[in-house]
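Visitor:
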Amino acid sequence: MTTSYLLTGASVLGEQVTDLLLADGVIAAIGQDLTVPADAVVVDARGLVALPGLVDLHTHLREPGREDAETIATGTRAAAAGGFTAVHAMANTSPTQDTAGVVEQVWRRGREAGFADVRPVGAVTVGLKGEQLAELGAMADSAAQVRVFSDDGLCVWDPVLMRRALEYVKAFDGVVAQHAQEPRLTAGAQMHEGTVSSEIGLAGWPAVAEEAIIARDVLLAEHVGSRLHVCHLSTAGSVEIIRWAKQRGIDVTAEVTPHHLLLTDELARGYDPIYKVNPPLRTQADVDAVREGLADGTIDIVATDHAPHPREDKDGEWASAAFGMTGLETALSVVQATMVDTGRLTWADVARVLSFAPARIGRADSGPRAQGRPLEAGEPANLTLVDPAARRTVVPEQQQTASVNSPLRGRELPGQVRATFLRGRATVLDGKVVDPLAAGPVAVDPENADITARAGGAR
Amino acid sequence: MKHLLSTADLSLDEAVGLLDTAAQMAATQDREIKKLPTLRGRTVVNLFFEDSTRTRISFEAAAKRLSADVINFSAKGSSVSKGESLKDTALTLKAMGADAVVIRHQASGAAYTLANADWLDAPVVNAGDGTHQHPTQALLDAYTLRRHLRSGTPGVADSAGAVGKDLSGVKVAIVGDVLHSRVARANVWLLHTLGAHVTLVAPPTLVPVGVGSWPCDVSFHLDDALRDVQPDAVMMLRVQRERMSSAGGGFFPSPLEYSRLYGLDARRLAMVPDHAIVMHPGPMNRGLEISADAADHPRSVIVEQVANGVAVRMAVLYTLLAGEPAVPATNERS
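Line by line, the protein sequences give chains A and B.
Going by this note's numbering, the residue at position 51 of the first sequence is 44; the numbering climbs one at a time, nothing skipped.
Going by this note's numbering, the residue at position 241 of the second sequence is 251; the numbering climbs one at a time, nothing skipped.
(1) Let's see if you can read the secondary structure: which residues bound the beta strand (DSSP E) around A/Pro113?
(2) With a threshold of 8 Å between beta carbons, is B/Val219 in contact with chain A?
(3) Sorted by chain position, which residues of the same chain lie with C-beta nearer than 7 Å to A/His302's C-beta, five sequence neighbours on each side aside?
(4) Skipping 5 residues on each side, what residues in its chain have a beta carbon closer than 7 Å to that of A/Gly40?
(5) Is A/Tyr268 close to chain B, meaning its C-beta is less than 8 Å from at least one C-beta of that chain?
(6) Out of A/Arg404, A/Gly24, A/Leu129, state which residue places its alpha-carbon closest to the alpha-carbon of A/Val141.
(7) Any beta carbon from chain B within less than 8 Å of A/Ile193's own beta carbon?
(8) Counting Cβ pairs, one atom from each stretch, are 3 or more of them under 8 Å apart for the segment 335 to 354 of chain A and the segment 268 to 277 of chain A?
(9) Where do the ends of the beta strand (DSSP E) carrying A/His253 lie?
(10) Is it buried or exposed for A/Lys269, if we count other Cβ within 10 angstroms and need 16 for buried?
(11) Which word fits B/His285, buried or exposed, when buried means at least 16 other C-beta atoms lie within 10 angstroms of its C-beta?
(12) Name the chain B residues that come within less than 7 Å of A/Thr188, Cβ to Cβ?
(13) Taking DSSP as the reference, what is the three-state secondary structure of B/Phe83?
(14) In this structure, how does DSSP classify B/Lys184 when only helix, strand and coil are distinguished?
(15) I need the boundaries of the alpha helix (DSSP H) containing B/Ile312, first residue and last residue.
(16) Out of curiosity, what's the CA-to-CA distance linking B/Asp275 and B/Glu252?
(17) In whole angstroms, what is the alpha-carbon distance linking A/Thr228 and A/Met83?
(18) Nearest to B/Ala243 by alpha carbon, out of B/Ala302, B/Arg195, B/Leu177, B/Ala257?
(19) Contact between the segment 14 to 25 of chain B and the segment 304 to 321 of chain B is defined here as three or more beta-carbon pairs at a separation below 8 Å; is this criterion met?
(20) Any beta carbon from chain A within less than 8 Å of B/Ser229's own beta carbon?
(21) Only counting the same chain, and skipping five residues up and downstream in sequence, which positions put a Cβ closer than 8 Å to that of A/Arg447?
(22) Give me the Cα-Cα distance between A/Ala116 and A/His53, rounded to the nearest whole angstrom.
(23) Are the beta-carbon atoms belonging to A/Leu378 and A/Leu0 less than 8 Å from one another?
(24) Please state whether the Cβ-Cβ distance between A/Phe108 and A/Thr339 is less than 8 Å.
(25) Our contact map puts A/Ala43 next to A/Glu322 with C-beta atoms below 8 Å; I'd like the distance itself, whole angstroms only.
(26) Counting only the same chain and skipping the five closest in sequence on each side, list residues whose C-beta sits under 6 Å from that of A/Asn58.
(27) Provide the residue span of the beta strand (DSSP E) that contains B/Phe58, from first to last.
(28) Find the nearest neighbour of A/Pro272 within the set A/Gln25, A/Glu305, A/Glu204, A/Gly360, judged by alpha-carbon distance.
(29) Mind checking whether B/Val188 and B/Ala206 have CB atoms under 8 Å apart?
(30) Contact criterion: CB-CB distance below 8 Å. Does A/Glu259 meet it with respect to chain B?
(31) Which residues in the same chain have their Cβ closer than 6 Å to the Cβ of A/Ala93, if we skip the five residues on either side of it in sequence?
(32) Step through the CB atoms of chain A and report whether any lies within less than 8 Å of the CB of B/Leu232.
(33) Could you give the first and the last residue of the continuous beta strand (DSSP E) run that contains A/Gln171?
(34) Verify the CB distance criterion: does B/Ala260 have a CB-CB separation below 8 Å to chain A?
(35) Using a Cβ-Cβ cut-off of 8 Å, state whether B/Thr340 counts as contacting chain A.
(36) Below 8 Å on the Cβ atoms is my guess for A/Thr89 versus A/Leu126; work out the distance and round it to an integer in Å.
Spelled out as C-alpha cells, the structure:
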C-alpha cells in the first residue's frame, strides 16, 4: 500500500492552477473537487510550479570506482533534491561501464537506492580507449536496456570508429552521445583559448576543437542516416553548426550545461580550479549564443554534467586539478535564472528541455518505468514541485551530493525544489529528501519487489 | 604590497619605487662588505619545483646580502618528488616559520594559489610560474633599461641618474617564443605600466591567440620591426629547440629557418640605433636565437642583467619584508 498525495493549487507547467491526485504510482486525477482517499497526504502546492520529473542525460555517479567522490546513493539523493526522477549515469567508472555486467550492476544499485531511476550509459569503446567498439548490443539487451552510448570525458576521435558506432546502434534505436573534443588540438589544454588564457598563461582549449568534431559528426550522421547527440555544447560556433545541421534535416540533438549558460572564462583569472571544467567555460559571447540556441530550440536539452570530485582533487594549482563541477542540485535554479526569469523560456519550455526531450533522446519515455511523460491523468506520477519565488544561497556542504565542488558557492539563486515524486512515492517532501526505504525493509516496497526477489535468488 | 605575483598588479608608483630601491641596493654592492643587516633573523625559503639554478642563486644571494637566513627547498630530493601537494608543502613551510617564500613552479598560477589559498601568512614572491609571469625578471629588465636609456646622459649607464624615472618614450622589441614565455608576459605589462612601447616579434605560431588584448604591438617580421620601430632595446627570448619537433608542437620547421628569420646577428644589430642595447634573460642558445656576435657585442648587457637581478631581488625582499620602500615614490617622471 503506497501513500496517496493530493497536491493542491499547483500551477501545472506554470500555467493552469489545479489539484493533482497521485495514487498507486500514477497521476490518478487532475482537476478541482477531486474524490480523494481519506488517508491521502495533502501537499499545499499553492504558488508552486508542477513540472514532470526532471531527466538528466549526463550525470557522473562515480560508482563503481570513485566512491570517495560520489556513490549511486548520494548522487541519486542529489538528483531527487534537484527535482530529477531519472539520471543517465556516464560510463567513465572503474571498471568502465563497457559490458553488460557492469551496466546491470549500476542499474541495480540505482534501483536499490530508490531516489531516482538510474539509466546507465554504455561506453562506445572498450575501456573508453577509442580503439574497439564495446559490446553495445549486449548492453542494449541487458536488464539495464542501455540506449545511450558515450565515451564521455574522451572523444570518439577516430572517424571510422565513430561511423561504425553511429551505424551499429541503429539496430536497437540507440544514440551515440559525443564528447566533442579534437584530442590533438587540446593536448594539455586547461581553459578556453582566448584573451584570458593568453594573459594568465594557461594552455588553451580552442573552440575549433569542439566545432570541428561536431561538424564532422553531423556529416557522418547524415551519411549513414543515424541519430547523433552532442554532449555539453559550449561555443557559439557549435550552435551555428547544429542549427545548420537541423535545417538540413540531420537527426542531431544537442545539450548545454547549466554552467555554460551562466559562467565565463573570466573566472579563471583567480586560478581557482573550482572553475576548471571540460569543455571549459567560454566567453560571454558564447554564453549569449548558447542561451539563444536553447531558446530557439537549436539546443534540445539542458544536462548537468554533474561531476563530483573529492576536495583534494580541487585543492592545488590549476594544472594539477581535476576537470568538473557538481550541478544536480542547482541546475533548475540556473535555468530559471538564465532562461525563465529573463523571458527566454516558459516553464512549459523548461519541462521540455529538462524532462520530455532528454527522456525522448534516451528512449526513457516508454515502458513500465517511463520518464518525461506529460502531466496527465493515467501517466506515471513522476513530478517535481518548484517554488519559483524562493531565493537561496548555495552552500555546497549542505547539498546531498558527497562532493563540494560547486562553482556556485555563495551565489544567490532563484527557485527551490519543494517536492519530488518518483512513481507516486515522495523522494523529496517539504524541501527535504525522504529516504524511500525508511518506512521499512525493501521487501514491503512494491517498487522494489522484483529486485528483492532477484537479490534472494541465485545471484 | 603584500606579495609579488604578477607585474600586472604593480602600479606605476610601486614599480618606480622598486626600481629606486634596487638602485640603492646596487649602490651598496660596490662596497667591500656587501652585506646589509636589514633582514637579520628573517627566513626566506626558496621553494623550487622546477630546476633553475640561475634564478635560485640570484634570490639566494639577494637574501643573504640582506642577512636573511635562506632555506632552499627543491622538488628533487624532497617530499615533493614523492607526490606531496603544494598545500602540504605550504603548511610545512608555515609550521617551520618561513617569513617569505620565493616560489618557482611549472604550473601557471601556482604562486597565486600559494599566496591566496589561506595556507600561509608569509609574503610570496613569484620566481616564475609556468607560462604566466616572472616579475623579478621583468623588474631587472626594466632596471637595466632605465639605467642605460633614462640616465639623463645619452650613452652612459647610470643607476643614480635614473632614480625616480619611468620608461616613457623607450621602445623595446621582444623577440622569440612569446607563447610559452613568462618573461614576455611579465615584461609586456611592466614596461607598459612604466610608459615604454613594446613590440613583440615572433613567428605567428609562437604568438598566443588572444594577444590582441595585450598592451603592445605584434610583428611577424624581425627585419621590418627593427627597421620601422628603431627600438632602443632588443630583448631576445630563449627558444627551445624541441619546439620544432612534432612532439614538441611543431611550432617552426627547423632551427636554421628560425635563426634566419628571427635570430639576432650582427647584420640585424646594424639596423637599430647606435645606442640600442641587446638583452636576453638567459640561458642563451647561441646560434639559435642569438649569434655570438650579438651576444658578445659591446652593446650587449646580458651579463649586466644578471648583476642587476641581485639588486632587484634585494629590493623586492626588502620591500615585502621591511614593509616600505626605501625611497618614497616620487611623482616626478620628467
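Glycine included, C-beta positions come from ideal geometry on N, C-alpha and C.
Guide: Put simply:
(1) Indexing the first sequence from 1 puts residue 113 of chain A at position 120. A/Pro113 -> beta strand (DSSP E) spans 110 to 113.
(2) For the purposes of this step, residue 219 of chain B is taken as residue 209 along the second sequence, with counting starting at 1. B/Val219 counts as touching chain A.
(3) Mapped onto the first sequence, residue 302 of chain A falls at position 309. Cβ neighbours of A/His302 beyond the five flanking positions: Ala62, Ala315, Gly317, Ser396, Asn398.
(4) Position 47 of the first sequence, counted from the start, is the residue given in the question as residue 40 of chain A. Cβ within range, chain order: Asp380, Ala382.
(5) Here residue 268 of chain A corresponds to residue number 275 of the first sequence, with the count starting at 1. Not closer than 8 Å to any Cβ of chain B, the Cβ of A/Tyr268 fails to qualify, so no.
(6) On the first sequence, residue 141 of chain A is found 148 positions in, with the first residue counted as 1. It is A/Leu129.
(7) Counted from its first residue, the first sequence places residue 193 of chain A at position 200. At least one chain B Cβ lies under 8 Å of A/Ile193.
(8) no
(9) The sequence position of residue 253 of chain A within the first sequence is 260, counting from 1. Premise fails: A/His253 lies in the alpha helix (DSSP H), 251 to 255, not in any beta strand (DSSP E).
(10) Your numbering for residue 269 of chain A matches position 276 in the first sequence. Its Cβ being crowded by 16 or more others within 10 Å, A/Lys269 is buried.
(11) Counting from 1 along the second sequence, the entry for residue 285 of chain B is found at position 275. With fewer than 16 Cβ atoms within 10 Å of its Cβ, B/His285 is classed as exposed.
(12) As a working note, residue 188 of chain A is residue 195 in the first sequence. Residues of chain B passing the Cβ test: Gly220, Ser223.
(13) As a working mapping, residue 83 of chain B is identified with position 73 in the second sequence. It is a strand residue.
(14) As a first step, residue 184 of chain B must be located in the second sequence, where it is residue number 174. The amino acid at residue 184 of chain B is misidentified as Lys; the sequence shows Ile. Residue state, collapsed to three classes: strand.
(15) Looking up residue 312 of chain B in the second sequence gives position 302. Here the alpha helix (DSSP H) through B/Ile312 covers 312 to 332.
(16) Position 265 of the second sequence, counting from 1, holds the residue named residue 275 of chain B. Position 242 of the second sequence, counting from 1, holds the residue named residue 252 of chain B. So the two alpha carbons sit approximately 22 Å from each other.
(17) Sequence index remark: in the first sequence, residue 228 of chain A carries index 235 (1-based). Sequence index remark: in the first sequence, residue 83 of chain A carries index 90 (1-based). If you take the alpha carbons of A/Thr228 and A/Met83, they lie about 22 Å apart.
(18) Numbered from 1 along the second sequence, position 233 holds the residue referred to as residue 243 of chain B. When each option's Cα is compared against that of B/Ala243, the closest is B/Leu177.
(19) no
(20) Taking the second sequence and counting its residues from 1, the one referred to as residue 229 of chain B is at position 219. Answer no: the Cβ-Cβ gap between B/Ser229 and chain A never drops below 8 Å.
(21) Taking the first residue of the first sequence as 1, we reach residue 447 of chain A at position 454. Unreliable positioning characterises A/Arg447 in this predicted model, as indicated by a pLDDT of 41, which lies under 50. The coordinate reading is nonetheless provided below. The residues are Arg101.
(22) One-based indexing of the first sequence puts residue 116 of chain A at position 123. One-based indexing of the first sequence puts residue 53 of chain A at position 60. Whole-angstrom Cα-Cα distance: 13 Å.
(23) Walking along the first sequence from the start, residue 378 of chain A turns up at place 385. Walking along the first sequence from the start, residue 0 of chain A turns up at place 7. Contact flag set, yes.
(24) Start at 1 with the first residue of the first sequence, and residue 108 of chain A comes out as number 115. Start at 1 with the first residue of the first sequence, and residue 339 of chain A comes out as number 346. No, these two residues do not count as a Cβ contact at 8 Å.
(25) Here residue 43 of chain A refers to the residue found at position 50 when the first sequence is read from its first residue. Here residue 322 of chain A refers to the residue found at position 329 when the first sequence is read from its first residue. A/Ala43 to A/Glu322, Cβ: 19 Å. No contact.
(26) As a working mapping, residue 58 of chain A is identified with position 65 in the first sequence. First, the residue type needs correcting, since residue 58 of chain A is Gly and not Asn in the sequence shown. These residues qualify, in order along the chain: Thr86, Ser87.
(27) Within the second sequence, residue 58 of chain B is the residue found at index 48, counting from 1. From DSSP, the beta strand (DSSP E) with B/Phe58 extends over 53 to 58.
(28) What you label residue 272 of chain A is simply residue 279 of the first sequence in a count that begins at 1. For A/Pro272, the nearest C-alpha among the options comes from A/Glu204.
(29) Numbered from its first residue, the second sequence carries residue 188 of chain B at position 178. Numbered from its first residue, the second sequence carries residue 206 of chain B at position 196. Cβ distance not < 8 Å, so B/Val188 and B/Ala206 don't count as in contact.
(30) The residue you call residue 259 of chain A lines up with position 266 of the first sequence. False, the Cβ-Cβ gap to chain B never drops below 8 Å.
(31) Here residue 93 of chain A corresponds to residue number 100 of the first sequence, with the count starting at 1. So the qualifying residues of the chain are Ala131, Met132, Ser135.
(32) Walking along the second sequence from the start, residue 232 of chain B turns up at place 222. B/Leu232 does not count as touching chain A.
(33) As a first step, residue 171 of chain A is located in the first sequence; it is residue number 178 there, counting from the start. Per DSSP, A/Gln171 belongs to the beta strand (DSSP E) from 168 to 171.
(34) Position 250 of the second sequence, counted from the start, is the residue given in the question as residue 260 of chain B. Sequence inspection shows Gly at residue 260 of chain B; the Ala mentioned does not correspond to that position. So, not an interface residue.
(35) What you label residue 340 of chain B is simply residue 330 of the second sequence in a count that begins at 1. In this predicted model, B/Thr340 has a pLDDT of only 48, less than 50, meaning its place in the structure is not dependable; the value taken from the coordinates is given anyway. No, its Cβ sits nowhere closer than 8 Å to a Cβ of chain A.
(36) Translated into the one-based positions of the first sequence, residue 89 of chain A becomes position 96. Translated into the one-based positions of the first sequence, residue 126 of chain A becomes position 133. Rounded, the Cβ-Cβ distance is 13 Å, inconsistent with contact.
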